[in-house]
Structure formats: C-alpha cells, structure tokens
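Colleague:
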Amino acid sequence: MMQYTGRAGTRDSGGTHENTGNAGRRYCGFLQPAVERSAVRLRTLFDDPELGLRLLAGREELDREIRWVYTTDLRDPRRYLTGGELVLSGLMWRDGPEDSDAFVAALAEAGVAALVAGTARLGSTPRDLVNACRRRRVPLLELPVTVSFNSVSDRVILDVVAERSTPSRGRGPLVSAVADGADTGDLARLVASEWGTGCLIMSTMDRLVAEAGMTEELTAPARRMMIDAYLRASRAPVFVEPESESAMTVFGVGNADEARVADWFVAIPGAHEVDSAMVAELGTALALVRSRLDEGRRVAAQAVGTVLRLVTEGNGTQPEINAQLAALGHDTARPAWVVAAEVSDGPALTERMLAELAAALDLPAITGRTDDEVFAVLRAPDDPVAVLTELRRRVQALDPALGNATVSMGVSAAVPVNALRGAIEEARHARLLARHRLDRGARSTDSGSRSACVVDGSEIATHQLLLAAVPDTVQESFRRRLLRDLQDYDAEHQSDLINTLAVFLETACSWSRAASRLHVHVNTLRYRIKRVEEITGRDLGRFGDRVDLYLALELG
Numbered sequence: 001m002m003q004y005t006g007r008a009g010t011r012d013s014g015g016t017h018e019n020t021g022n023a024g025r026r027y028c029g030f031l032q033p034a035v036e037r038s039a040v041r042l043r044t045l046f047d048d049p050e051l052g053l054r055l056l057a058g059r060e061e062l063d064r065e066i067r068w069v070y071t072t073d074l075r076d077p078r079r080y081l082t083g084g085e086l087v088l089s090g091l092m093w094r095d096g097p098e099d100s101d102a103f104v105a106a107l108a109e110a111g112v113a114a115l116v117a118g119t120a121r122l123g124s125t126p127r128d129l130v131n132a133c134r135r136r137r138v139p140l141l142e143l144p145v146t147v148s149f150n151s152v153s154d155r156v157i158l159d160v161v162a163e164r165s166t167p168s169r170g171r172g173p174l175v176s177a178v179a180d181g182a183d184t185g186d187l188a189r190l191v192a193s194e195w196g197t198g199c200l201i202m203s204t205m206d207r208l209v210a211e212a213g214m215t216e217e218l219t220a221p222a223r224r225m226m227i228d229a230y231l232r233a234s235r236a237p238v239f240v241e242p243e244s245e246s247a248m249t250v251f252g253v254g255n256a257d258e259a260r261v262a263d264w265f266v267a268i269p270g271a272h273e274v275d276s277a278m279v280a281e282l283g284t285a286l287a288l289v290r291s292r293l294d295e296g297r298r299v300a301a302q303a304v305g306t307v308l309r310l311v312t313e314g315n316g317t318q319p320e321i322n323a324q325l326a327a328l329g330h331d332t333a334r335p336a337w338v339v340a341a342e343v344s345d346g347p348a349l350t351e352r353m354l355a356e357l358a359a360a361l362d363l364p365a366i367t368g369r370t371d372d373e374v375f376a377v378l379r380a381p382d383d384p385v386a387v388l389t390e391l392r393r394r395v396q397a398l399d400p401a402l403g404n405a406t407v408s409m410g411v412s413a414a415v416p417v418n419a420l421r422g423a424i425e426e427a428r429h430a431r432l433l434a435r436h437r438l439d440r441g442a443r444s445t446d447s448g449s450r451s452a453c454v455v456d457g458s459e460i461a462t463h464q465l466l467l468a469a470v471p472d473t474v475q476e477s478f479r480r481r482l483l484r485d486l487q488d489y490d491a492e493h494q495s496d497l498i499n500t501l502a503v504f505l506e507t508a509c510s511w512s513r514a515a516s517r518l519h520v521h522v523n524t525l526r527y528r529i530k531r532v533e534e535i536t537g538r539d540l541g542r543f544g545d546r547v548d549l550y551l552a553l554e555l556g
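Just so we're aligned: 242 in the UniProt record's numbering is position 242 of the sequence shown, and the numbers increase by one with no gaps anywhere.
#1: So with Cβ pairs under 9 angstroms, would you call residue 147 a contact of chain C?
#2: Short of 7 angstroms in beta carbon distance, which residues of its chain neighbour residue 547, apart from the five on each side in sequence? Order them along the chain.
#3: Fully enclosed by the stretch 437-522, which beta strand (DSSP E) runs are 3 residues long or longer?
#4: Give the straight-line distance between the Cα atoms of residue 476 and residue 286, rounded to the nearest whole angstrom.
#5: Measuring straight from C-alpha to C-alpha, what distance separates residue 511 and residue 526?
#6: How would you call residue 94, buried or exposed, if buried means at least 16 neighbouring beta carbons within 10 angstroms?
#7: Quick one: residues in its chain with C-beta nearer than 6 angstroms to the C-beta of residue 262, no 5 flanking neighbours on either side, listed in chain order?
#8: Looking at the structure shown, is residue 37 part of a helix, part of a strand, or coil, going by DSSP?
#9: Got a sec? Which residues, its chain only, sit under 7 angstroms from residue 491 by beta carbon, not counting five neighbours each side?
#10: Please confirm whether residue 42 and residue 114 have their CB atoms less than 9 angstroms apart.
#11: Does the Cβ of residue 539 have 16 or more other Cβ atoms within 10 Å, making it buried, or fewer, making it exposed?
#12: Identify, in the order they occur along the chain, each residue of the same chain with its Cβ nearer than 7 angstroms to the Cβ of residue 106, setting aside the five sequence neighbours on each side.
#13: Hey, which unbroken runs of the beta strand (DSSP E) at 3 residues or more fall wholly within the UniProt domain "CdaR GGDEF-like" (314-430)?
#14: Using DSSP's beta-bridge definition, name the partner residues of residue 543.
#15: What's the C-alpha gap between residue 483 and residue 536?
#16: Are three or more beta carbon pairs between the stretch 218-232 and the stretch 290-305 nearer than 8 angstroms?
#17: Is there contact here, the stretch 417-426 with the stretch 337-351, by at least three beta-carbon pairs under 8 angstroms?
#18: Residue 80 bridges to which residues according to DSSP?
#19: Residue ranges of each alpha helix (DSSP H) run of no fewer than 4 residues wholly in the stretch 156-233, ordered along the chain?
#20: Measuring straight from C-alpha to C-alpha, what distance separates residue 383 and residue 142?
#21: Report the three-state DSSP secondary structure of residue 57 (helix, strand or coil).
#22: Indicate the three-state DSSP secondary structure (helix, strand or coil) for residue 296 in the structure shown.
#23: Assuming contact is defined by CB atoms lying nearer than 9 angstroms, are residue 191 and residue 266 in contact in what I supplied?
#24: With which residues is residue 65 paired in a DSSP beta bridge?
#25: Please determine, among 281, 363, 418 and 374, the residue with the shortest C-alpha to C-alpha distance to residue 306.
#26: Tell me which residue opens and which closes the beta strand (DSSP E) that residue 269 is part of.
#27: Please identify the residue among 63, 71, 50 and 58 whose C-alpha is closest to the C-alpha of residue 346.
#28: Can you give me the C-alpha to C-alpha distance between residue 129 and residue 120, rounded to a whole angstrom?
#29: Please report how far the alpha carbon of residue 149 lies from the alpha carbon of residue 74, in whole angstroms.
#30: Would you mind reading off the limits of the beta strand (DSSP E) that contains residue 89?
#31: Take every Cβ of the stretch 316-330, pair it with every Cβ of the stretch 402-416, and state whether three or more of those distances are shorter than 8 angstroms.
#32: Which residues in the same chain as residue 321 place their Cβ atom closer than 8 angstroms to its Cβ, once the five residues preceding and following it in sequence are excluded?
#33: For residue 283, which of helix, strand or coil comes out of DSSP?
#34: Helix, strand or coil: which one does DSSP assign to residue 50?
#35: Given this structure, state the Cα-to-Cα distance separating residue 378 from residue 368, to the nearest angstrom.
#36: Alpha carbon to alpha carbon, how far is residue 452 from residue 552? Give it in angstroms, no decimals.
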C-alpha cells in the first residue's frame, strides 16, 4: 500500500487526512515569515530614490516594521494576512468610493505595515482611498508607473532575509544566486550540490518545474501521490513512500498564507529531517523567483485583457486583433481554445492557476481578465479529448486543498482566431454551468469532487445552462413556490414525498421502475404521487407541470 508520513504519524492513501479548512491558510511550507520578526522599516523603502515612492498618508508611521510583502487585488485579503505585511495592490478591486473603505478596513484589521498603490489602472490614487487610509492609520504610498511591483517585492524580500541572517552567514548562496539572476534550474542544481542529494521542484498541477541530481525518474503515480500528500498535509515535511519506489521527502515553498492550488513544492530522495535554516533559505529564494514570474504575468495580463475586451466588445478589426495576439505570443495560424476560470479566492490566484495549468499541459497560453472574469487563450491541442481529460484530472486533484473554496472552469471548442468571440462566450457559459453545479453541491461525475468542476462546451446544450444564467434570488423564489409545502409536509409527517417525486421524474414517470427504485409497491407509489399533486396543486400527467417540478428539484 502506498503510504506517506508527516510529523503526526503515518496515514494510508485511502484514509482521512487533516486539512486546514480553506484554500488559503496552511502550515506546510518552508516559508513561515511569522516565526522570525525582521527589523526592516517602512522608512527604508520610502527613502530609496530608485523606488520613487510617494507618501500619501501615515508619515508618523514610517518607523513601522515590515515582516513580508504580499501582492493582492482581492477585495478582502484578510485570510492571507498575518500582520506586518507590505501590501502591494493594483486597485483592481475598486469600483467606487465605498470599496476603498472596506478594503482599508480589512488591511487595518489584519495589522499590515502599509499599502503601496499602483496607478496603472486608475492613473492616480483615488482621494477616497487616501482618506480611508488616514482614518484607519494605514500608511499609504503610491508607486510610479515606471517602477514594477517586482522591484518593491524583491527589495523587501532581500532586506528581510538580510536582517534574519547572521553576520557570519550573510545572505546565503541560494538567495544570493537569485539576486544575481538565477532561475529555478539553477536553484535545483545548487540544492543538489549543497545538500548532496537530488532535487525536484514540482507544481501542484503535476508540472516538473526543475530538477537536478536525480538518479531515477519518478513514475506518474508516484508524482500524483506526492502532490496529494502535500495538498493534504498540515505540517512539513511529509515523507512519501510510493510502492516499489524510493521514499521522498516533500516540503512546501510557497507563502504559508497563500492557497496551494498553484503552489510549488520541493521533493528530495529519502526520508530526511532537513536543516530549518537551509529550508527557509530555499523557500525565500523560490519566493523571489515566483514574485518575478508573477510580475511578468501581471503586466502581460493587462495587455491580454485589452485584447479580450476588443474581441468581446467588437471594437477591433480582425487584423488588429491578430496583430495584438501575435505580439503577445499567440500563434494566430493555429486553432485556439478558450478557458474561463474562477477560483473563489480571487482573480489573481485564478490567473496564476491558469498559467500553471497551461504550462503543466505544455500548451502555449496567454492569460488575462476582463472585469473580474479570467480567461486563458491557448493553442488548441492535437488531441482535445485526451487533453481535456487530463485537465479535469489535474484540476479536480486539487480538491483536498480547497476546503470551503471552489474552482469552476469552462472550456470552449477549438476555433479559428476569427471566431474567438464566440469561444469566449462559450467558455464563460460553461464556467457558469460549472459554478451552478458546485452551488448545488453536485458531485463531479468524473472525480467525486465537491470543490472543483470543469465543464466543456459540448455540455452546455442543457437546461442547466439556462438555470445557471438565472439570478439566485429568482431561482430560490421559483423553488420555494413549488416545493415549500411539500418540504413542510415531509418535515411534519416524516414522509418521503420529495424523494418520491424526484425518483418518479428521473425514471420518466414509470410506475414500475420508480416503485422498484423506491422499494415500495406500485399502489403505495400511486398514493404518494397523488399526495404530491394535492399538496403542490400540480398535475403530473401534464408535461408542463412535470417540467416545472423537475426544474424546482434541480434548483434544490
């Protein structure tokens, strides 16, 4: 039997595993910045002429300590904040003045060090945001459009690492290498050399990010087992023992307060208790690499969003759209796939997840958003059925880490670039249907997942698509009008009329098949259906009434 162990003991792969209860907070990682307090001051960043920060609120708070850096466009990022963070935001969450007060209130409650506002979207920092920061005593700095978030985050991370390091050790070889431009491959080789062991850097989407020094290739089942162990674990390290393969030690390398759905983790051969300082340094080095990748993706996503709006609003000519897509790296001569996705923890995480998923599937992709909707335009695969099956598997495998969060995804058919507008709409509607299924608590027919659902375009020719487009309040009103009296009757008399009605409709109103499914005599079934008709005022001999009741049950 395949097994993995953590500090709490051994659990087999079919058992119940502890989880943290949501997609965000976790304790399975290298990077635990709350453990050690730094002495990096906000004033240090403000005084740096290369950053060009302009102070808009909180001059008296410039001596605040910065513990870490966090970039977000969530309206309420509290679940990912533990206090002392320098928060970077492009203000994508702001639609009106009331949004500023809610956002700043969340930051103040979390105890952040300060807020740095980017102005690429709005042109300048809104006055209502300045006033909200003054009221809540949250220092506010404005970043010029000529300086990237990456410059600020790199500076904070390197300064925090320097403060935590002893004078004798200095910054450490891994962080120094990244500061000098090293990538993930360089880091894997450095780890293999420094630690004298092989090193794998993997993503939770089952992508090999980098490797070095490995003497044998892991099988697909072993990789999936490592991912599952990492997603389920509450503490690090996790020792994974695949059947007939060498044991592996698995560590997380993401921010301890961010979701695992697009995480990286490190695996090394054998069962090890690794030096915590070395582990922390690797986590910091990879955090630097990822912050650079995130910054590049954020900039590219803005350009992709512009093209998507040209397509959906019909404001661009086809040659203009083709030219912009080509400039972004999309091959306009090949058919395109459109994927619409929503992670309930926000669009920034959704963009990262889509980018990681496309890379895992080896499909060139560009990712961006229009308003709060996130899309990826991918080169259509040669075997779409096989790739869609694999996409579903990888997304639904995230289920153990999601907790109360959800991932809904819609995939269009492959289309030429001049039909991109229709593909975007198809992917959007498929995503709405996926979310509708999750809202109903329906299990995915493929995996049994209650937290992740992928719907492709071929599935949307169904009444469920129409239901997904109906506002929630209208759905609830319709359902209650038809079924409330029936539910009340069941509750009062301990009867089973709702289930009887559902089975009767599911069996195409066949008396014999429904009675068999319910394990009752046909005469008993006839009596129950008569009571249903009396209570609801509907005639199940009429097709229209059957449809109404069926739809009401679907909404339940």
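Yeah, the Cβ is synthetic: ideal placement off N, Cα and C, and Gly gets one too.
Modeller: From the atom records:
#1: The structure shown contains no chain C; it is built from a single protein chain.
#2: For the purposes of this step, residue 547 is taken as the residue at position 547 of the sequence shown. Excluding residues up to 5 positions away in sequence, nothing lies with its Cβ nearer than 7 angstroms to the Cβ of residue 547 in the same chain.
#3: Counting whole runs of 3 or more residues, the stretch 437-522 contains the beta strand (DSSP E) stretches 452-456.
#4: Here residue 476 refers to the residue found at position 476 when the sequence shown is read from its first residue. Here residue 286 refers to the residue found at position 286 when the sequence shown is read from its first residue. Between residue 476 and residue 286, the C-alpha separation is close to 47 angstroms.
#5: Here residue 511 refers to the residue found at position 511 of the sequence shown. Here residue 526 refers to the residue found at position 526 of the sequence shown. Their backbone Cα atoms lie some 8 angstroms apart in a straight line.
#6: Position 94 of the sequence shown, counted from the start, is the residue given in the question as residue 94. Result: buried.
#7: As a first step, residue 262 must be located in the sequence shown, where it is residue number 262. Excluding residues up to 5 positions away in sequence, 352, 353 and 356 lie with their Cβ nearer than 6 angstroms to the Cβ of residue 262 in the same chain.
#8: Within the sequence shown, numbered from 1, the residue matching residue 37 stands at position 37. Residue confidence is low: residue 37 scores 42 on pLDDT, short of 50, so the model does not pin down where it sits. No coordinate-derived value is stated.
#9: As a working mapping, residue 491 is identified with position 491 in the sequence shown. Counting only Cβ-Cβ distances below 7 angstroms, and skipping sequence neighbours, we find nothing.
#10: The sequence position of residue 42 within the sequence shown is 42, counting from 1. The sequence position of residue 114 within the sequence shown is 114, counting from 1. Contact check for residue 42 against residue 114 passes: the beta carbons are separated by less than 9 angstroms.
#11: What you label residue 539 is simply residue 539 of the sequence shown in a count that begins at 1. With fewer than 16 other Cβ atoms within 10 Å, it is exposed.
#12: The residue given as residue 106 occupies position 106 in the sequence shown. Answer for residue 106: 76, 77 and 78, listed in chain order.
#13: Listed in chain order, the beta strand (DSSP E) runs fully inside the UniProt domain "CdaR GGDEF-like" (314-430) are 336-343, 365-370, 373-379 and 407-411, counting runs of at least 3 residues.
#14: In the sequence shown, counting from the first residue as 1, residue 543 sits at position 543. Residue 543 pairs with nothing; no bridge assigned.
#15: To locate residue 483, count along the sequence shown from 1; it is residue 483. To locate residue 536, count along the sequence shown from 1; it is residue 536. About 7 angstroms.
#16: no
#17: The stretch 417-426 vs the stretch 337-351: in contact.
#18: Position 80 of the sequence shown, counted from the first residue, corresponds to residue 80. BP columns for residue 80 are empty, so no partner.
#19: 173-179, 184-195 and 220-232
#20: As a first step, residue 383 is located in the sequence shown; it is residue number 383 there, counting from the start. As a first step, residue 142 is located in the sequence shown; it is residue number 142 there, counting from the start. Using only the alpha carbons, I get a separation of about 48 angstroms.
#21: In the sequence shown, counting from the first residue as 1, residue 57 sits at position 57. Three-state DSSP puts residue 57 in a strand.
#22: Against the sequence shown, residue 296 aligns to sequence position 296. In the structure shown, residue 296 sits in a helix (DSSP, three-state: H, G or I).
#23: Taking the sequence shown and counting its residues from 1, the one referred to as residue 191 is at position 191. Taking the sequence shown and counting its residues from 1, the one referred to as residue 266 is at position 266. Contact flag set, yes.
#24: For the purposes of this step, residue 65 is taken as the residue at position 65 of the sequence shown. Its beta-bridge partners are 41.
#25: Taking the first residue of the sequence shown as position 1, residue 306 is located at position 306. Measuring from the Cα of residue 306, the nearest candidate turns out to be 374.
#26: Mapped onto the sequence shown, residue 269 falls at position 269. Run containing residue 269: 264-269, per the beta strand (DSSP E) assignment.
#27: One-based indexing of the sequence shown puts residue 346 at position 346. Closest by alpha carbon: 71.
#28: If you number the sequence shown from 1, residue 129 lands on position 129. If you number the sequence shown from 1, residue 120 lands on position 120. Distance between the alpha carbons of residue 129 and residue 120 is about 15 angstroms.
#29: Numbered from its first residue, the sequence shown carries residue 149 at position 149. Numbered from its first residue, the sequence shown carries residue 74 at position 74. Spanning the two alpha carbons is a distance of roughly 16 angstroms.
#30: Residue numbering aside, residue 89 sits at position 89 when the sequence shown is read from its first letter. Element bounds for residue 89: 85-89.
#31: no
#32: Translated into the one-based positions of the sequence shown, residue 321 becomes position 321. For residue 321, where only same-chain residues beyond five positions count, the Cβ hits under 8 angstroms are 307, 310, 311, 417 and 420.
#33: Mapped onto the sequence shown, residue 283 falls at position 283. Reduced to three states, the DSSP call for residue 283 is helix.
#34: As a working mapping, residue 50 is identified with position 50 in the sequence shown. Looking at residue 50 - three-state DSSP - the assignment turns out to be coil, as it is neither helix nor strand.
#35: The residue given as residue 378 occupies position 378 in the sequence shown. The residue given as residue 368 occupies position 368 in the sequence shown. Cα to Cα, residue 378 sits roughly 12 angstroms from residue 368.
#36: Your numbering for residue 552 matches position 552 in the sequence shown. Your numbering for residue 452 matches position 452 in the sequence shown. Distance between the alpha carbons of residue 552 and residue 452 is about 24 angstroms.
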